[in-house]
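S.K.: Numbering (the numbering used here), first residue to last: 7 to 202.
#1: Let me make sure I understand the geometry here. Which of 44, 145, 52, 82 has the alpha-carbon closest to that of residue 72?
#2: From the DSSP output, which residues share a beta bridge with residue 29?
#3: Compare the C-alpha of residue 108 against each of 159, 120, 150 and name the closest.
#4: Quick one: what's got a C-beta closer than 6 Å to residue 120's C-beta in the same chain, skipping five residues either side?
#5: Could you pull out every residue in the same chain whose Cβ sits closer than 8 Å to the Cβ of residue 135, ignoring the five residues on either side in sequence?
#6: Cβ atoms of residue 63 and residue 85: under 8 Å apart, would you say?
#7: Just the C-alpha distance for residue 52 and residue 133, rounded to the nearest angstrom, thanks.
#8: In the DSSP assignment, find the unbroken alpha helix (DSSP H) run with residue 114 in it and report its ends.
#9: Considering residue 143, what are the terminal residues of the beta strand (DSSP E) in which it resides?
#10: Put residue 41 into one of helix, strand or coil per three-state DSSP.
#11: Quick check on this structure: which residue in 49, 28, 14 has the alpha carbon closest to the alpha carbon of residue 100?
#12: In angstroms with no decimal places, state the Cα-to-Cα distance between residue 22 and residue 142.
#13: Give the DSSP bridge partners of residue 49, in chain order.
#14: Is the beta carbon of residue 13 less than 8 Å from the beta carbon of residue 34?
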């Protein structure tokens with residue numbers, strides 16, 4: 007079970023000019039206190055064929071994270087058009103909102119973004135060079151693709167759990183052989199039934 011659940015993401019100021027900042031109102035709940043901050047990132051996919059054109063628009067740390075419900079507005083600068091191939095500025099692309107804990111990504115929300123001219127005449131007869139200041143983006147906010155990844159929110163607990171049986175075995179090595187056998191069998195069963 008995840009310690010953090012994303013409950014809502016509202017896309018603000020949409021549609022908007024290509025060069026205006028992105029704004030998302032993010033709501034989430036925390037079911038168990040976390041020692042470290044959550045890291046939220048917004049990534050603009052500059053090309054479907056080549057991830058070297060992806061741009062990290064913003065990365066923020068949010069914390070401390072105690073049990074409860076949270077909401078904040080995540081704002082990010084627009085992508086740098088000079089780092090996008092001209093043929094990829096107009097058309098459909100993807101925007102990724104991710105959240106990680108201790109470097110482990112546990113949720114990703116993907117949005118399709120349609121970039122097109124704000125003027126019908128420019129759409130029908132596009133200029134040879136893209137006029138970025140006339141491009142409007144429209145995030146398809148009602149059709150996000152949410153992917154969740156299982157992660158370990160409390161790795162320090164696993165360290166203690168794994169160390170405890172080993173220290174117990176050391177103590178029992180000097181006691182009866184029957185006790186040693188029971189402990190070894192329990193450890194074997196525990197390893198086989200531990201979910202991966």
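For every residue, glycine included, the Cβ atom is placed at its ideal position computed from N, Cα and C.
M.R.: Considering the structure as presented:
#1: 44
#2: 18, 81
#3: 159
#4: If we look at residue 120 and ignore the five residues flanking it on each side, its Cβ neighbours are 98, 144.
#5: 92
#6: yes
#7: Rounded to whole angstroms, residue 52 to residue 133 spans 20 Å at the Cα level.
#8: Segment 110-123 is the beta strand (DSSP E) holding residue 114; no alpha helix (DSSP H) there.
#9: 141-145
#10: coil
#11: 49
#12: Answer to the nearest angstrom: the Cα atoms are 6 Å apart.
#13: 62, 102
#14: yes
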